[in-house]
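Q: Questions regarding the structure given below will be posed in turn.
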Amino acid sequence: MYDPQNIFAKILREEIPCKKVYEDQFSLAFHDIHPQAPVHVLVIPKGDYMSLDDFSAFAPPADVAGFFKAVGTVARELGLVEGGYRILANHGVNGGQEVPHFHIHILGGKSLGRMVA
Ligand code: AMP
146 MYDPQNIFAK
156 ILREEIPCKK
166 VYEDQFSLAF
176 HDIHPQAPVH
186 VLVIPKGDYM
196 SLDDFSAFAP
206 PADVAGFFKA
216 VGTVARELGL
226 VEGGYRILAN
236 HGVNGGQEVP
246 HFHIHILGGK
256 SLGRMVA
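Rendered as structure tokens:
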């Protein structure tokens with residue numbers, strides 16, 4: 146079950162602040178509080194989805210399209226296209242997911258090497 150008390154739900158309700166970089170009807174993007182690269186931004190859907198698993202299974206197609214278009218828009222607006230960037234999404238225990246609201250990490254600003262360590 147989706148936990149409405151998770152930290153990203155609180156950010157969406159503006160109960161706690163974030164360093165916002167982008168918002169539209171589908172999504173909100175903000176800087177990660179513990180950046181793992183010179184640029185580390187999180188993009189979250191506005192709906193109550195725990196991870197890519199239920200987002201891909203249950204979100205209306207227009208919401209899925211709108212969300213992923215926002216991810217690309219954020220990367221462009223951050224100036225990451227020319228130099229390159231990485232997106233990732235963690236699901237569940239093996240994925241190392243900490244916050245149970247679906248989010249895409251956008252990482253860039255330096256060479257990130259190949260995949261994960
Ligand atoms: P994940 O392991 O994929 O669930 O990643 C959760 C991410 O959320 C981590 O990179 C955290 O640093 C980040 N995070 C946790 N709390 C906040 C917050 N209040 N504002 C911004 N980022 C956060």
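146 is the number of the first residue of the sequence shown in our numbering; add one for each residue after it.
For every residue, glycine included, the Cβ atom is placed at its ideal position computed from N, Cα and C.
As the structure is a prediction and not an experimental result, all values here were calculated from the model.
Take histidine 233 as the anchor and find which of Ile189, Gln170, Phe153, Glu227 has the nearest alpha-carbon.
A: The sequence as given places leucine at residue 233; histidine does not occur at that position. Looking at the Cα atoms, Ile189 is the closest of the given residues.
Q: Residue ranges of each beta strand (DSSP E) run of no fewer than 3 residues wholly in the stretch 153 to 241, ordered along the chain?
A: Qualifying beta strand (DSSP E) stretches, in chain order: 165 to 168, 172 to 176, 184 to 190, 230 to 233.
Q: Roughly how many angstroms lie between the CA atoms of valine 267 and lysine 165, to the nearest whole one?
A: Coverage of the chain is limited to positions 146 through 262, which leaves residue 267 absent and any answer about it impossible.
Q: Buried or exposed, going by whether 16 or more other CB atoms sit within 10 Å of the CB of histidine 179?
A: Looking at its Cβ environment, which holds fewer than 16 other Cβ atoms inside 10 Å, histidine 179 is exposed.
Q: Comparing C-alpha positions only, which one of Met260, Leu173, Cys163 sits nearest to tyrosine 230?
A: Nearest C-alpha to tyrosine 230: Met260.
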